[in-house]
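One structure is given below, encoded as structure tokens.
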Amino acid sequence: MLLQYRSGTLSAKESGGIRTLVEGVTFSLDAGESLALIGETGSGKTMIARSVMGLLPPDVQADGLSVTLDGYTADEAGVTALLGREIVYIPQNGGEFLAPQRTVRKQLYDGLRRMGLPRKAFASAAAEKLRAAGFPEPEAVLGKYPFQLSGGMAQRVTIALAACSNARLILADEPTNGLDEAGRVRFFDLLRELFPRAGILLITHDMDAAALCRRVLVLCGGRSMEQGDTAAVLAAPKHPYTRALLAARVRSGMVGSPVLRQKAAFCPYSHRCPDFCDRCLQPIPENRENGREWRCCI
Ligand code: SF4
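If you read the sequence shown in our numbering, its first letter stands for residue 76, the second for the next number, and so on.
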């Protein structure tokens with residue numbers, strides 16, 4: 076198993092008290108497998124990704140967080156030491172992620188240096204990474220600064236940069252925002268081609284993007300509602316919240332709605348659920364069946 080994750084409780088101190096951001100979320104990821112974390116804004120998916128990378132904001136407390144990589148429980152310093160080498164982050168907006176004052180060439184060379192390549196191999200390796208990321212003429216891109224790249228070009232440069240690593244775990248944060256269906260499929264084909272043995276953790280609010288991953292975990296209010304094989308979850312969702320997400324599916328993502336964030340023993344979807352009943356006010360049971368997991372009293 077490449078990654079085993081337990082969130083414990085992630086919470087932030089606020090003037091009105093403690094706010095629970097994520098609670099009791101667990102998942103695992105094999106090498107070569109892809110898992111989509113899907114939920115609305117505020118559902119906790121980005122906080123989970125940050126906790127995997129050991130990059131929680133200073134005001135967020137972790138109680139019971141456990142990140143195990145290849146069977147070894149990694150502390151925060153251990154995980155951050157792997158960033159850019161074996162754990163690679165692909166951001167939502169490549170243009171903002173790239174260092175603005177460094178050319179594409181210099182940024183690729185930085186990555187190749189971290190990989191331990193000899194200096195004399197940099198030029199050919201940088202060109203090869205750009206070609207693999209979809210630039211048939213790398214020379215036309217190497218000398219450019221990030222502000223000279225279109226959004227799509229910047230995103231492909233971040234993938235080329237990711238390829239300057241020995242990535243075993245890739246965290247991709249809304250990487251296909253703004254891309255049409257063909258663009259999304261191309262992006263995932265490229266990831267699989269470049270990183271056939273890496274585990275891919277996709278953070279998204281877009282069900283169409285999540286559908287390209289083998290497994291999906293649905294989040295609401297910082298808690299796991301349902302997880303399982305994507306095809307099975309999409310074909311027959313067990314949880315009312317997953318059904319609501321699918322019903323609200325629109326071309327550019329999902330219809331936004333308020334997110335409950337307060338710590339509560341009961342279901343975080345209860346205020347909006349059409350199936351709400353008295354049992355929903357009790358601690359919610361965890362159900363398991365044929366590799367599917369969901370938390371609901373019906
Ligand atoms: S536990 Fe109750 S409120 Fe929550 S999703 Fe299930 S039926 Fe709806």
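Even glycine gets a Cβ: it sits at the ideal position worked out from N, Cα and C.
In this structure, L78 places its C-beta atom within 7 Å of the C-beta atom of L104. By DSSP's assignment, Y147 forms a beta bridge with L144.
For the stretch 201-261, the full-length beta strand (DSSP E) segments reaching 3 residues or more read 244-248 along the chain. Judged by the Cβ position, C348 qualifies as a neighbour of ligand 1 at the 6 Å threshold, a heavy atom of the ligand being closer than this.
Using a cutoff of 6 Å, the CB of S299 does not count as near ligand 1, since none of the ligand's heavy atoms is closer than that. Taken through DSSP and simplified to helix, strand or coil, S199 comes out as helix.
Per DSSP, Q79 lies in no alpha helix (DSSP H) segment; the continuous beta strand (DSSP E) that holds it begins and ends at L78 to R81. Counted as a single uninterrupted DSSP element, the beta strand (DSSP E) harbouring Y164 occupies residues I162 to I165.
When DSSP reads this structure, C371 sits in no beta bridge, so it has no partner. In the three-state scheme derived from DSSP, where H, G and I count as helix and E and B as strand, M300 is classed as strand. At the C-beta level, G83 and D150 stay beyond 7 Å of one another. If you check the CB distance, C348 and P315 come in under 7 Å.
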